[in-house]
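For reference, the structure discussed in these notes is given below.
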Amino acid sequence: MSNYITALMFLILCCGFPAAATSSSNETDLLSLLAFKSAIDLDPQGALSSWNETVHLCSWKGIQCGTRHPDRVVEIDLTSQGLVGSLSPHLGNLSYLITILLRNNTFYGLIPQEISFLRRLTFIDFRYNSFSGSLPKNFSQLPNLCYIDLTGNSLSGNIPEDLCDMSNLQLLSLSGNTLSGSIPPSIGNLTSFKELALAFCSLEGEIPESIAQLQSLEVLLLGNNSFTGSVPSGLFNISTLQSLELDNNRLHGVIPSSIGLTLPNLNDLHLEYNQFTGSIPVSISNASLLQELVMSSNNFTGPMPRLGMLTLLQAFVVDSNLITDDISFISSLTNLTNLEYLIVGSNLLTGTLPDSIANLSSQLSTFYLDGNKIHGVIPSGIENLFNLGQFIVADNYLEGPVPRGIGKLSKLRALDLNNNRFSNKLEISFGNMTFLSNLYLNENNFSGDIPSSLANCTNLIDLDLSRNNFSGLIPPEIMRLSSISDTFNLSYNAFDGGIPYEVGYLINLVALDLSNNKLSGEIPNSLSNCISLGTLFLDGNLLGGEIPLGLSDLVVLQDLDLSLNSLSGPIPEFLGKMNLEKLNLSFNRMYGEVPNTGVFKNRRSISLEGNNGLCGGIPELKLPPCSLVVPNKKNMSTLKKILIPIVSVGGTCLALFALYINKQRLLSQKKLAPSLPLFTRIQIMRLSYLDLLNATDGFSETNLLGFGKFGSVFKGTLGNGQIVIAVKVLNLSVRGASRSFMAECNALRNVRHRNLLKILSVCESIDFQGNDFKALVYEFKSNGSLENWLHQNAESRNLNMIQRLNIATDIAQAVEYLHFGTDLSIVHGDLKPSNVLLDQDITAYVGDFGLAKIISDIVPLHETNSSTGIRGTIGYVPPEYGTSRLLSTQGDVYSYGIVLLEMFTNIRPTDDLLEDHVNLHCLVSAALPDRVMEVVDSKLQALMMNNDRMKSCMTSILSIGVSCSKEMPRERMSMKDVVIQLHKIHKLLSIP
87 MSNYITALMF LILCCGFPAA ATSSSNETDL LSLLAFKSAI DLDPQGALSS
137 WNETVHLCSW KGIQCGTRHP DRVVEIDLTS QGLVGSLSPH LGNLSYLITI
187 LLRNNTFYGL IPQEISFLRR LTFIDFRYNS FSGSLPKNFS QLPNLCYIDL
237 TGNSLSGNIP EDLCDMSNLQ LLSLSGNTLS GSIPPSIGNL TSFKELALAF
287 CSLEGEIPES IAQLQSLEVL LLGNNSFTGS VPSGLFNIST LQSLELDNNR
337 LHGVIPSSIG LTLPNLNDLH LEYNQFTGSI PVSISNASLL QELVMSSNNF
387 TGPMPRLGML TLLQAFVVDS NLITDDISFI SSLTNLTNLE YLIVGSNLLT
437 GTLPDSIANL SSQLSTFYLD GNKIHGVIPS GIENLFNLGQ FIVADNYLEG
487 PVPRGIGKLS KLRALDLNNN RFSNKLEISF GNMTFLSNLY LNENNFSGDI
537 PSSLANCTNL IDLDLSRNNF SGLIPPEIMR LSSISDTFNL SYNAFDGGIP
587 YEVGYLINLV ALDLSNNKLS GEIPNSLSNC ISLGTLFLDG NLLGGEIPLG
637 LSDLVVLQDL DLSLNSLSGP IPEFLGKMNL EKLNLSFNRM YGEVPNTGVF
687 KNRRSISLEG NNGLCGGIPE LKLPPCSLVV PNKKNMSTLK KILIPIVSVG
737 GTCLALFALY INKQRLLSQK KLAPSLPLFT RIQIMRLSYL DLLNATDGFS
787 ETNLLGFGKF GSVFKGTLGN GQIVIAVKVL NLSVRGASRS FMAECNALRN
837 VRHRNLLKIL SVCESIDFQG NDFKALVYEF KSNGSLENWL HQNAESRNLN
887 MIQRLNIATD IAQAVEYLHF GTDLSIVHGD LKPSNVLLDQ DITAYVGDFG
937 LAKIISDIVP LHETNSSTGI RGTIGYVPPE YGTSRLLSTQ GDVYSYGIVL
987 LEMFTNIRPT DDLLEDHVNL HCLVSAALPD RVMEVVDSKL QALMMNNDRM
1037 KSCMTSILSI GVSCSKEMPR ERMSMKDVVI QLHKIHKLLS IP
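Residue numbers (the numbering used here): 87 to 1078.
Written out as structure tokens, the structure reads:
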């Protein structure tokens, strides 16, 4: 039978039998459909089982015949039948076919060119198949075709020009294919067009002006392509337009102020992830049919539009812009009873959260306010939003206790209060929050125990309670939440006791961080059950015993940090057989031979310092041969001999430093909330005056790195050159040097940040001449100071724009941490390029805290008086420090602003070039925004010459510097805002 069909179809095709010759029968259609069936490889639902000659074809499933020609097929509808196969070219013989619907199957291969023979064809729906190759040619030969939907296939090539010659075409959807090229300008010929969908098509170029000729257009979907340029202005005058989606492109320009009047039928407007500027038009409130307004991740400025008239609005999403307004604008949204998504994060919103939040739509499911400057408390009426699924208010200045009513939000899936100033005990009852999957409470001032009701959140995936003041035991029932699969982070708190054995229930967990607490006891062997762990941080605790064998079962573990504990015993050989990429065992009590396999073969991947009994290993470690190391008991005796001088006058003075720190901590505890112990925060090496003398070759000039008002800095090496250090030796004959020493110790005792220069040791002793000796030992940074890179070695050491922006961001993050990252605010007092050091990767570290002051977070910063006055460096000192003793973090902001301007202009604040200007601030301010090229460092000008985006970023960077260095402290930005804006610039520069 199949041979007969094939032969007959061959005759029909080759001999060109006209349709009229078979008008009295349906033989042609029968054979065409049977050929269609023969090209199907799989029919899991039996959709074509009725397709045989025992049943009339007009009764076959999915087939409909005409009324005027009852024996001829006019429609094929095989939607969602699970069919797998190719599309037979014999389809082209169904000459009466009007509609063909094949969506949601797995047809593959080419769409046959023979489809252009179907002169009556009106409707093609091949959505969500696997067709490949280019679009069929000669579609223009189908005069009646008005609907083509090929969404979600694997088609390639350009959009054929002949598609634009189809005067009756009303819908063309090619979204989700991998096309190339641009939209043909001839698209304007399709005057009957109502819907054009070309999203996710990899198209590029500009949107053609001719698209404005489609005056009947209702839907235009061009999102997720690479379109550039501005949007044709005429597009905003097509009054029939209902859906306009231009998201995820590279479009720029402003939105016409009359958009709400010229597009009265607009239902949804998507402009997110572009480069639009200007304000959001007020007239948008006149588009009364609007349901979705999504404009996130652009550069919109100005105030928020008041949308109280848009009663149908369901989504208002304008996050990640530069919008400035008081958060009280939310009160204007209380009439929007259909509102489900309110996302206004990462803007410049200020003010206090209004109580009117409780009156927002009960349909609200997603509420983002993160990354603004909102302060005050969360209103207790938040519990009225009973459909809330996501409540994100991270990175603000919110404070006070979290209202208990949040515990009534039983549909909440994500709660993010990260990086605010919330305090007190966490009194939320988590018992009803069974859908909660993501909980972020990190970087606040919460205290007390973790609520045991958290154990009811059996869908929890991600938990971060780090950098608070939580204390007590880690509740074992929390460890039983095997649903946690991303992050379990309790670091930088004051938890004590042991690590619960129940940690072994976290079998799906990827990252566990319990570092920097007061945990004691041994590492539980039950960790062997956590077979998904890729990161394990237990550093900065009081853990003892040996490393358990159970860790060898963690086959995907890549990063293991057990440093700063009291672990003992030899390093287990199994660590060298694991897939570790980083291993930190420093500052424990480990002894014996170091393995030389796996991670131990790479010196840069391991850290073993502070374990005085180790030997062997790869040569780069420069450890003594194991044959020269005394037995373990003698090692312990040797360690005792090393530690005894600590309490002597000529010893390491670590005990004196510890006593000083403990005294300061006790004084602080009388006034402030308890802080973490010093030794959970800072890695302290035990070094004596003799150690430092030998390390620096007698403080020789060849090792002199630099000098300042209060002393000199020397390069040194410890452990046969294994550890490179920087030793700051105080010149105690200079008035204020001792006070500088104390200030630096006091400032650094409670801080730890990746962009703050890490202190390794402190020595307060007597030298061999009987003179007082004080020194601070820091990590050595191989690339020296930012000062050298900008000025002294400017020719040989050129920093590009990205490197400068990275350094500026590193500095800003460090200063932000000093101001907001702990329960005390720290004023650095002497920010300048020479106090910024760079490592081998050009990562920046802020150092020299000799003028630092600690001020209580509960005292208004702008009204805090120093008892001694502040002295800094000319050019970087804020003007208010010269006329009063006013102490505030805003002084650091001023200094940072000057440093930022200096980095990108390469002009010192004391340069003679500034003779015609008051200062560097005034010079740059006068050049903004149109004459930026006049002040930018000449090494950067060539990069910016023909790059508008880089010019725009440079203007933004210099604007931040100018804003930070304003004369009046209250007019300066905060460092939180600086960091947010720099990250936005990073994002803009990273766009390819």
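Glycine included, each C-beta is placed from N, C-alpha and C at the ideal position.
Could you give the first and the last residue of the continuous alpha helix (DSSP H) run that contains residue i?
i	result
methionine 676	From DSSP, methionine 676 is part of no alpha helix (DSSP H) but of the beta strand (DSSP E) over 675-680.
valine 1010	1006-1013
isoleucine 1046	1034-1050
serine 1024	1024-1030
glutamine 976	975-991
histidine 905	887-906
Could you tell me which of the options sits nearest to residue i, measuring between CA atoms?
i	options	result
cysteine 1050	Pro965, Leu419, Cys1039, Ala133	Pro965
threonine 436	Leu408, Ser557, Gln449	Leu408
proline 562	Leu640, Thr237, Pro610	Pro610
arginine 490	Glu865, Ile960, Ser466	Ser466
alanine 930	Met1054, Gly631, Thr908, Val901	Val901
aspartate 251	Ser278, Asn504, Tyr903, Ser868	Ser278
isoleucine 478	Gly457, Val685, Val463, Pro487	Gly457
leucine 258	Gly243, Phe225, Gly267	Phe225
isoleucine 1066	Glu1053, Met1054, Ser1042, Pro1055	Ser1042
glutamate 161	Ile149, Asn323, Thr363, Val979	Ile149
asparagine 372	Thr140, Asn353, Asn545	Asn353
proline 656	Glu679, Asn670, Glu667, Leu637	Glu679
glutamine 476	Ile210, Ala781, Asp502	Asp502
glycine 636	Leu694, Gly856, Tyr587	Tyr587
glycine 699	Pro711, Lys687, Tyr677, Arg689	Tyr677
valine 589	Leu600, Asn579, Asp582, Ala580	Leu600
lysine 123	Gln167, Arg154, Ser174, Asp163	Ser174
Who pairs with residue i in a beta bridge, going by DSSP?
i	result
lysine 701	The question names lysine, yet the displayed sequence has cysteine at residue 701. Glu679, per the DSSP bridge assignment.
cysteine 151	Val159
valine 922	Val932
alanine 812	Lys801, Tyr864
leucine 428	Phe402, Phe453
cysteine 849	Ala861
leucine 605	Gly583
Can you tell me where the beta strand (DSSP E) with residue i in it begins and where it stops?
i	result
tyrosine 194	192-195
glycine 171	170-172
leucine 598	597-599
isoleucine 64	Examination of residue 64 is not possible in this model, given that the chain is present from 87 through 1078 alone.
To which residues of the same chain is residue i closer than 8 Å at the C-beta, ignoring the five residues directly before and after it?
i	result
serine 418	Arg392, Leu393, Gly394
lysine 223	Gln199, Ser202, Pro246, Asp248
serine 272	Glu247, Cys250, Asp251, Ser296
valine 799	Leu790, Leu791, Gly792, Phe793, Ala812, Val813, Lys814, Val815
arginine 1058	Gln976, Val979, Tyr980, Gly983, Ser1049, Cys1050, Ser1051, Lys1052
Using a Cβ-Cβ cut-off of 6 Å (strictly less than) and excluding sequence neighbours within five positions of residue i, which residues of its own chain qualify?
i	result
aspartate 548	Asn524, Asp572, Thr573
serine 654	Arg675
valine 642	Gly620
isoleucine 341	Pro367
isoleucine 197	Phe217, Pro222
serine 953	The pLDDT assigned to serine 953 is 34, lower than 50, so where the model puts this residue is not dependable, and the model offers no usable value.
tryptophan 61	There is no way to answer for residue 61, as the model of the chain reaches only from 87 to 1078.
proline 995	Gly961, Ile984, Leu1006
glycine 274	Ser296, Gln299
leucine 576	Leu551, Leu600
For residue i, I'd like the list of residues in its chain whose CB is within less than 7 Å of its CB, leaving aside the five on either flank, ordered along the chain.
i	result
serine 868	Asp925, Gln926
aspartate 115	Leu143, Arg158, Val159, Leu180
Tell me whether the stretch 487-502 and the stretch 516-527 touch, counting them as touching only if at least three CB pairs, one residue from each stretch, are closer than 8 Å. yes
Three or more C-beta pairs below 8 Å linking the stretch 919-935 and the stretch 855-875: With a cut-off of 8 Å, the stretch 855-875 and the stretch 919-935 count as touching, because enough Cβ pairs lie within range.
Does the stretch 283-298 touch the stretch 307-315, meaning 3 or more C-beta pairs lie closer than 8 Å? yes
Taking three-plus beta-carbon pairs below 8 Å as touching, is the stretch 1042-1049 in contact with the stretch 971-985? As far as the Cβ criterion goes, the stretch 1042-1049 touches the stretch 971-985, which means the pair count is three or higher.
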